[in-house]
Amino acid sequence: MTSKNIAKSVILVNIFSAAGFFLTLLFQIIFAKEFGVSGLTDAYIGACALPVSFVAIASSLLEKTFIPVFFEYKNRAADARYSIHNFFTIYFIFLVFLSVVCFAASPFIIRLVLPGFEAVGFSMALAMLKMLLPIFILGGLIGLLTSMHYAHSAFIFPNVCSSVKWITAIIFMLYFKGRYGIFAVAGGIVAGYTFQFLMLLYSTFKNITGLRFIFNLKDVFLRKVVMLMGPLMIANAFNTFNIIVMTRTASVMSAGSITCLDYAYKIMTISVFLCVQGISVVLFPMFSRLASEGNISKLKKLFTDSQRILLMIVMPIIGGLIIFRHPVIRLLLERGEFGPESTNKISALVFGFSGAFFGLALGTIQSQIYYAIKNTKRVMFITFIQMVVFVCMIFMLRSVMSIYIIAIFFSAAIFIGCCLNYFHINKILGIRAMRQDAVFIFKILIATVSMGAVGFVAFSLLKAHLPLVFVPFVAASMLSAAVYFIFIRYVFDIDELRFASNVLFSKKYE
Numbered sequence: 110m111t112s113k114n115i116a117k118s119v120i121l122v123n124i125f126s127a128a129g130f131f132l133t134l135l136f137q138i139i140f141a142k143e144f145g146v147s148g149l150t151d152a153y154i155g156a157c158a159l160p161v162s163f164v165a166i167a168s169s170l171l172e173k174t175f176i177p178v179f180f181e182y183k184n185r186a187a188d189a190r191y192s193i194h195n196f197f198t199i200y201f202i203f204l205v206f207l208s209v210v211c212f213a214a215s216p217f218i219i220r221l222v223l224p225g226f227e228a229v230g231f232s233m234a235l236a237m238l239k240m241l242l243p244i245f246i247l248g249g250l251i252g253l254l255t256s257m258h259y260a261h262s263a264f265i266f267p268n269v270c271s272s273v274k275w276i277t278a279i280i281f282m283l284y285f286k287g288r289y290g291i292f293a294v295a296g297g298i299v300a301g302y303t304f305q306f307l308m309l310l311y312s313t314f315k316n317i318t319g320l321r322f323i324f325n326l327k328d329v330f331l332r333k334v335v336m337l338m339g340p341l342m343i344a345n346a347f348n349t350f351n352i353i354v355m356t357r358t359a360s361v362m363s364a365g366s367i368t369c370l371d372y373a374y375k376i377m378t379i380s381v382f383l384c385v386q387g388i389s390v391v392l393f394p395m396f397s398r399l400a401s402e403g404n405i406s407k408l409k410k411l412f413t414d415s416q417r418i419l420l421m422i423v424m425p426i427i428g429g430l431i432i433f434r435h436p437v438i439r440l441l442l443e444r445g446e447f448g449p450e451s452t453n454k455i456s457a458l459v460f461g462f463s464g465a466f467f468g469l470a471l472g473t474i475q476s477q478i479y480y481a482i483k484n485t486k487r488v489m490f491i492t493f494i495q496m497v498v499f500v501c502m503i504f505m506l507r508s509v510m511s512i513y514i515i516a517i518f519f520s521a522a523i524f525i526g527c528c529l530n531y532f533h534i535n536k537i538l539g540i541r542a543m544r545q546d547a548v549f550i551f552k553i554l555i556a557t558v559s560m561g562a563v564g565f566v567a568f569s570l571l572k573a574h575l576p577l578v579f580v581p582f583v584a585a586s587m588l589s590a591a592v593y594f595i596f597i598r599y600v601f602d603i604d605e606l607r608f609a610s611n612v613l614f615s616k617k618y619e
């Protein structure tokens with residue numbers, strides 16, 4: 110794949126990912142304005158915990174297992190079509206079965222996730238969970254159809270469909286909120302997933318393949334995907350367990366605690382998504398192709414280069430979030446039912462989640478190496494360690510627990526997992542660049558600290574003389590970005606910056 114093709118794909122995916130990012134953010138802004146932070150919003154977020162986590166798991170499972178196996182069949186068109194049709198049929202049956210089971214077990218699920226809720230909150234959360242159950246089927250199939258598009262190098266359309274989902278959810282929520290209150294939010298989410306699924310299904314029929322119902326449990330393709338899915342499913346279940354532990358722990362605290370945690374977590378995860386989405390979507394098929402060809406030398410180089418470039422992007426964003434977290438949250442969310450007290454709580458939580466930002470961003474690229482070389486058991490093992498660390502810390506300090514301690518413990522667990530992944534990947538790929546990586550991280554850290562110091566001073570001085578928060582924030586952000594660029598380009602002359610330029614303008618990635 111030429112560097113211009115890589116650059117074009119990354120840029121286009123980032124553009125449409127950014128559109129989805131802003132629409133997701135707009136949805137959260139409207140939700141905060143209309144409903145604020147209360148026990149009511151806690152009930153909605155608690156009801157969303159399982160369906161939304163399942164969709165994330167399904168998308169991750171399929172993207173990371175379907176694509177590597179598909180490349181083995183790509184040159185056998187007839188076999189590939191048969192296996193895709195068979196997999197779609199069996200997966201659809203599984204999703205329907207899972208939805209029925211969750212409907213029957215919905216009271217138990219709500220009691221498990223939200224043990225601190227009284228009768229009224231419990232009833233509302235239960236009703237919203239039942240409304241959201243179609244997401245199991247729709248979201249699961251969306252994950253499969255998206256993976257099929259990515260396997261055929263169709264990176265743009267799935268991101269367009271995701272944007273349509275959020276537009277639909279926003280319109281539905283605004284139109285029906287007066288009549289149905291917070292239930293309009295749940296209805297909007299289901300409507301958005303429905304539109305996204307229908308668009309992807311139409312595109313699949315038109316541009317990739319038709320779909321026939323075939324049922325064959327002995328199909329080799331199915332077995333390979335399921336074998337890869339097993340450890341990865343357990344790993345994602347561990348991640349979901351961490352989210353449930355956070356929600357469950359916060360449910361026995363003051364009203365609004367779950368919502369504050371959710372806002373801060375979403376600010377962190379949306380930022381991670383914006384940083385890594387374009388890079389990871391384009392790089393993973395390349396990792397898979399190089400691994401299937403046995404081209405380990407190029408795989409090592411591509412992984413090392415992409416990880417360092419990601420660090421150059423992630424570190425200043427973390428620094429910016431830490432320095433400007435309060436004005437950012439105030440500008441985005443503080444209106445309507447969302448007051449200054451909520452801003453203060455969430456800004457403190459964003460600081461607590463900053464370590465998780467670093468670990469999740471790098472972990473996205475790291476995990477893709479495991480998936481590409483089909484070593485999903487290692488992902489399961491390290492995710493299990495993260496879960497044990499997090500749960501043990503929560504258990505040991507449960508008597509003095511607060512939502513801020515939850516955020517810090519979660520960050521610590523994710524960061525530990527990221528470090529373990531780094532050392533193990535270096536070992537299995539034979540990468541001997543720890544000293545160079547340490548020097549690189551030190552340079553980026555110095556540039557980030559300098560950027561943050563200048564930004565903090567500039568914002569403080571400008572805020573004292575200007576009545577609006579927006580103008581000092583924008584001016585300080587631009588000055589900080591300029592300082593960071595000067596450090597990495599002229600003070601340290603970082604090689605990876607030249608590599609990023611070469612990817613955009615040279616003839617070929619080598």
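Note that the numbering used here has the sequence shown beginning at 110, numbered continuously upward.
Just so it is clear, CB atoms sit at the ideal spot from N, CA and C, and this is done for glycine as well.
Quiz item: Are residue 658 and residue 462 closer than 7 Å when you measure CB to CB?
Solution: The structure shown does not extend to residue 658, since the chain is modelled only from 110 through 619, so no value can be given for it.
Self-check item: Straight-line gap, residue 200 to residue 429 (C-alpha atoms, nearest Å)
Solution: 42 Å
Practice problem: Find out if the Cβ-Cβ distance for the pair residue 491, residue 453 is shorter than 7 Å. | Solution: no
Quiz item: What is the DSSP secondary structure of residue 128, reduced to helix, strand or coil?
Solution: helix
Quiz item: How about residue 278 and residue 251: do their beta carbons lie closer than 7 Å?
Solution: no
Quiz item: Roughly how many whole angstroms lie between the Cα atoms of residue 377 and residue 405?
Solution: 33 Å
Self-check item: Supposed contact pair residue 440 and residue 89 - C-beta distance, whole angstroms, cut 8 Å
Solution: Any question about residue 89 goes unanswered here, given that the chain covers just 110 to 619.
Quiz item: What separation, rounded to the nearest whole angstrom, lies between the Cα atoms of residue 219 and residue 365?
Solution: 17 Å
Exercise. Take the Cβ of residue 403 as the centre, count every other Cβ of all protein chains shown within 10 Å, and call the residue buried at 16 or more, exposed below.
Key: exposed
Quiz item: With a CB to CB cut of under 7 Å and the five nearest residues on each side skipped, what residues in its chain are close to residue 496?
Solution: 347, 350, 351
Self-check item: DSSP-derived helix/strand/coil call for residue 204
Solution: helix
Quiz prompt | residue 316, buried or exposed, once every other Cβ within 10 Å from all chains shown has been counted against 16 | solution = exposed
Exercise. Could you tell me the distance, in whole angstroms, from the CA atom of residue 603 to the CA atom of residue 544?
Key: 15 Å
Exercise. Give me the Cα-Cα distance between residue 486 and residue 536, rounded to the nearest whole angstrom.
Key: 16 Å
Practice problem: May I ask whether a heavy atom of the ligand GTP can be found less than 6 Å away from the beta carbon of residue 163? | Solution: Absence of the ligand GTP from the depicted structure is noted, as is the absence of any ligand whatsoever, leaving it without description.
Quiz item: Buried or exposed: where does residue 434 fall if 16 or more other Cβ atoms within 10 Å of its Cβ makes it buried?
Solution: buried
Quiz item: So, using beta-carbon positions, are residue 534 and residue 478 closer together than 7 Å?
Solution: yes
Quiz item: Which residues in the same chain as residue 110 place their Cβ atom closer than 6 Å to its Cβ, once the five residues preceding and following it in sequence are excluded?
Solution: Because the pLDDT at residue 110 is just 49, under 50, the model does not fix this residue reliably, and the point stays unresolved.
Quiz item: Once you ignore the five residues that flank residue 246 on each side, which residues in its own chain have a CB closer than 6 Å to its CB?
Solution: 204, 208
Practice problem: Using three-state DSSP, classify residue 327 as helix, strand or coil. | Solution: coil
Practice problem: Alpha carbon to alpha carbon, how far is residue 488 from residue 475? Give it in angstroms, no decimals. | Solution: 9 Å
Exercise. Check residue 483 in the structure and name its three-state DSSP category.
Key: coil
Quiz item: Where residue 423 and residue 573 are concerned, what is the direct C-alpha to C-alpha distance, given to the nearest angstrom?
Solution: 30 Å
Exercise. Go ahead and pull the three-state DSSP assignment for residue 435.
Key: helix
Quiz item: At which residue ranges does the segment 508-594 contain complete beta strand (DSSP E) runs of 3 or more residues, listed in the order of the chain?
Solution: none
Quiz item: Grouping DSSP H, G and I as helix and E and B as strand, with all else coil, what is residue 242?
Solution: coil
Quiz item: What number of angstroms, rounded off, separates the C-alpha of residue 158 from the C-alpha of residue 563?
Solution: 39 Å
Exercise. Taking the CB atoms as reference points, tell me whether residue 215 and residue 239 lie closer together than 7 Å.
Key: yes
Quiz item: Within 10 angstroms of its Cβ, does residue 593 collect 16 or more other Cβ (buried), or is it exposed?
Solution: buried
Quiz item: If you run the structure through DSSP and keep just helix, strand and coil, what is residue 111?
Solution: Residue confidence for residue 111 is low, a pLDDT of 47 falling below 50, so the modelled location carries little weight; the figure read from the coordinates is stated next. Three-state result, residue 111: coil.
Quiz item: How far does the alpha helix (DSSP H) with residue 304 in it reach, from first residue to last?
Solution: 292-312
Quiz item: Curious, which full-length alpha helix (DSSP H) runs of at least 4 residues does the segment 443-469 contain?
Solution: 449-461
Quiz item: Taking all protein chains shown into account, do 16 or more other C-beta atoms lie within 10 angstroms of the C-beta of residue 327, making it buried, or fewer, making it exposed?
Solution: exposed
Quiz item: For residue 360, which three-state DSSP category applies?
Solution: helix
Exercise. For residue 373, I'd like the list of residues in its chain whose CB is within less than 6 Å of its CB, leaving aside the five on either flank, ordered along the chain.
Key: 455, 458, 459, 462
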